[in-house]
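Student:
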Amino acid sequence: MASNSPKEDGSKPAGRDLPEDFANRLATKIIVTNERERNPEEATFKVASLILRTLGVNNRQSYFIETSEILLAEEETQRYAAVAWASILMEREHIPGCDAFISHTLDIVIDEHMNLAKPLYEMEMRRKKFSHYAWLMGEVFINMMRVSSDLYEVLSQLYGHIIRKEMALELKNAEEKDTKRRIIIGSQREKETASKKLFDDTLDYINTRGEFKSDSLNQQNPNEFIAVLTDRLRGTRRYVIQDIVNKQALDRKKQAEKELSEKQAGAEEIIRAKEPFKKALALFLTEKRYNFKYLSVEKVRVTIQVMSIITGIFYFLAGYLGIQGMHWVEGIMIGLGMYLFARFAASRASFKRFYPYDVSKELETVVGQITPVLRKMAKEQMGPFVTRQVKDKANLQLLPVMPEFIKYLFAVMPDRRNMIISYEELQEVMDELEMDVARQLRDTHYFQQHSPHLH
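Residue numbers for the sequence shown follow this note's numbering, beginning at -16 and rising by one.
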């Protein structure tokens, strides 16, 4: 039992402000109330009212645990411990505070079970050891079934509360370890924690209690109802754990969707990206044609330059050799003139106005306005966005290079690992884009071929 001794500073522990023998008094009152009241429903209500009235305030739930232990200590009073627990659960709709009382009591039970606050219970006949609270809850469950099999629904609710509380506690501890990365010191306290959860240990205790070795073939098993209880509790455990797992998965999915929606581009961002996309697409086509146009002009310039030099050399040699009566001074003058022509008139500076305009810097600037939005687009946003660009009449002449432009955008995009859209989804978008472009070009060509010509 929990100690009622005062602390070193002279104060009493929280919630331990009742007489030392209060648990014994309460146990007696529970027995007397049940024996005196002939109407079971009325007895249930009075027992629940008695417990909530005296222990429902000031953190006195530990007294209820003590009372249960006292009632379970004697075979004649064990049924009253079950009745006390069942009464609180059955009167939740009529007496305020029942749910909170049971919840706080189970918190104490689970905490003291995990920290082995009390010595293990040893079942001598089976040579097995269980948590003190596995014995407590196991005996409460067994005696509930001994009182009436109709109490299984109440029992199942109580067992489900334990499972849900321990699973929630396990999840909370796991999250704390993930966020804090605490260094666990192998202290004696760490080694003295329970190896099993309370709901597992309780089920093992009940299963062991239900074991029976008969001395003869005709001997009936007096613990048959305990074996049935064990099977039903296993089913309850499976159902509750699966329900918890499903809810956790749903919560994780909702959290992931929430985080994704927070990271995704907003509608305003997507709308604002429309015009820069069109501008960048046009610049991309211009930049794509830049090298071809540049090389074309450069071929003409180099050809003129080479021909001028060759002509100058020819006339210089003709004047030097006096061919066709040309004086050597004339050859030198013509050769020098052709050299100067090649040097200045056919230079890159002179042909600058013929070269195409380099839009690479402007393209980089405009692309920088688009890539942050594209990085935050999910597949459901990316698909409609590029589809609208394909159907935009302003992009009709630019459609053939649009798939290549999209690939270029993702190639130059910084921090591609932070993209919301996956590479597989992006590939699906690209495949759909290429089909949309081909369909749009085919429809446009067909319309131009079959439209009536006005004369």
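Note that the Cβ used here is the ideal one computed from N, Cα and C, for glycine as well.
With Val92 and Leu35 assumed to form a contact (beta carbons below 8 angstroms), what rounded beta-carbon distance in angstroms separates them?
Tutor: In the sequence shown, residue 92 corresponds to position 109, counting from 1. In the sequence shown, residue 35 corresponds to position 52, counting from 1. No, Val92 and Leu35 are not in contact; Cβ-Cβ is about 18 angstroms, not under 8 angstroms.
Student: So if DSSP puts Met106 in a beta bridge, which residue, or which two residues, is it bridged to?
Tutor: Numbered from 1 along the sequence shown, position 123 holds the residue referred to as residue 106. In DSSP, Met106 forms a bridge with Lys111.
Student: Is it right to say Glu417 is buried, meaning 16 or more other beta carbons lie within 10 angstroms of its own, or is it exposed?
Tutor: In the sequence shown, counting from the first residue as 1, residue 417 sits at position 434. Glu417 should be labelled exposed.
Student: Rounded to whole angstroms, what's the CA-CA distance from Thr60 to Asn229? Just pull it up for me.
Tutor: Taking the first residue of the sequence shown as 1, we reach residue 60 at position 77. Taking the first residue of the sequence shown as 1, we reach residue 229 at position 246. Their Cα atoms are separated by approximately 41 angstroms.
Student: Per DSSP, what kind of secondary structure is Gln21 in: helix, strand or coil?
Tutor: As a position in the sequence shown, residue 21 is number 38, starting the count at 1. The residue asked about is misnamed: residue 21 is Arg in this sequence, not Gln. Here Arg21 sits in coil by DSSP.
Student: How about Leu266 and Val373: are their beta carbons less than 7 angstroms apart?
Tutor: Within the sequence shown, numbered from 1, the residue matching residue 266 stands at position 283. Within the sequence shown, numbered from 1, the residue matching residue 373 stands at position 390. Going by C-beta atoms, Leu266 is not nearer than 7 angstroms to Val373.
Student: Within a Cβ cutoff of 8 angstroms, which residues of the same chain sit near Lys29, ignoring the five residues on either side of it in sequence?
Tutor: Translated into positions along the sequence shown, residue 29 becomes position 46. Taken in chain order, the residues that qualify are Thr16, Glu20.
Student: With a threshold of 7 angstroms on Cβ separation, who are the neighbours of Phe324 within its own chain once the five nearest residues in sequence on each side are excluded?
Tutor: In the sequence shown, counting from the first residue as 1, residue 324 sits at position 341. Hits under 7 angstroms: Ser291.
Student: Quick check: the segment 300 to 313 against the segment 336 to 356, are there 3 or more CB pairs under 8 angstroms?
Tutor: Segments in contact, no.
Student: Quick check: the Cα distance between Gly295 and Phe327, rounded to an integer number of angstroms?
Tutor: Your numbering for residue 295 matches position 312 in the sequence shown. Your numbering for residue 327 matches position 344 in the sequence shown. Cα to Cα, the separation comes out at about 14 angstroms.
Student: Counting only runs of 4+ residues fully inside the segment 342 to 401, write out the alpha helix (DSSP H) ranges in chain order.
Tutor: Counting only runs of 4 or more, we get 343 to 358, 362 to 374, 385 to 395.
Student: Considering Ser45, what are the terminal residues of the alpha helix (DSSP H) in which it resides?
Tutor: Walking along the sequence shown from the start, residue 45 turns up at place 62. 44 to 56 is the extent of the alpha helix (DSSP H) around Ser45.
Student: Are the CB atoms of Ala100 and Tyr46 within a distance shorter than 7 angstroms?
Tutor: What you label residue 46 is simply residue 63 of the sequence shown in a count that begins at 1. What you label residue 100 is simply residue 117 of the sequence shown in a count that begins at 1. No, the Cβ-Cβ distance between Tyr46 and Ala100 is not below 7 angstroms.
Student: Below 7 angstroms CB to CB, which residues in the same chain sit around Thr370 once its five sequence neighbours on both sides are set aside?
Tutor: Here the question's residue 370 lines up with position 387 in the sequence shown. Once the five neighbours on either side are set aside, the close Cβ partners of Thr370 are Asp419.
Student: Hey, how far is the Cα of Gln231 from the Cα of Lys160?
Tutor: Taking the first residue of the sequence shown as position 1, residue 231 is located at position 248. Taking the first residue of the sequence shown as position 1, residue 160 is located at position 177. Looking at the two C-alpha atoms, the distance is approximately 18 angstroms.
Student: Determine the burial state of His77: buried for a count of at least 16 other Cβ atoms within 10 Å of its Cβ, exposed for fewer.
Tutor: To locate residue 77, count along the sequence shown from 1; it is residue 94. Flag for His77 reads exposed.
Student: By the three-class DSSP mapping on this structure, what secondary structure does Ser330 have?
Tutor: Against the sequence shown, residue 330 aligns to sequence position 347. DSSP places Ser330 in coil when its eight states are reduced to three.
Student: Which same chain residues, not among the five before or five after Val356, have their C-beta less than 7 angstroms away from its C-beta?
Tutor: Working through the sequence shown from its first residue, we reach residue 356 at position 373. Cβ neighbours of Val356 beyond the five flanking positions: Ala248, Glu252, Ile253, Ala256.
Student: Please name the residue in His96, Gln44, Asp90, Asn378 whose C-alpha comes closest to that of Ala263.
Tutor: As a working note, residue 263 is residue 280 in the sequence shown. Of the candidates His96, Gln44, Asp90, Asn378, the one whose C-alpha sits nearest the C-alpha of Ala263 is Asn378.
Student: Indicate whether Ala64 and Val130 have their beta-carbon atoms separated by less than 7 angstroms.
Tutor: Within the sequence shown, numbered from 1, the residue matching residue 64 stands at position 81. Within the sequence shown, numbered from 1, the residue matching residue 130 stands at position 147. Going by C-beta atoms, Ala64 is not nearer than 7 angstroms to Val130.
Student: Where do the ends of the alpha helix (DSSP H) carrying Glu95 lie?
Tutor: The residue you call residue 95 lines up with position 112 of the sequence shown. Note, Glu95: alpha helix (DSSP H), 81 to 97.
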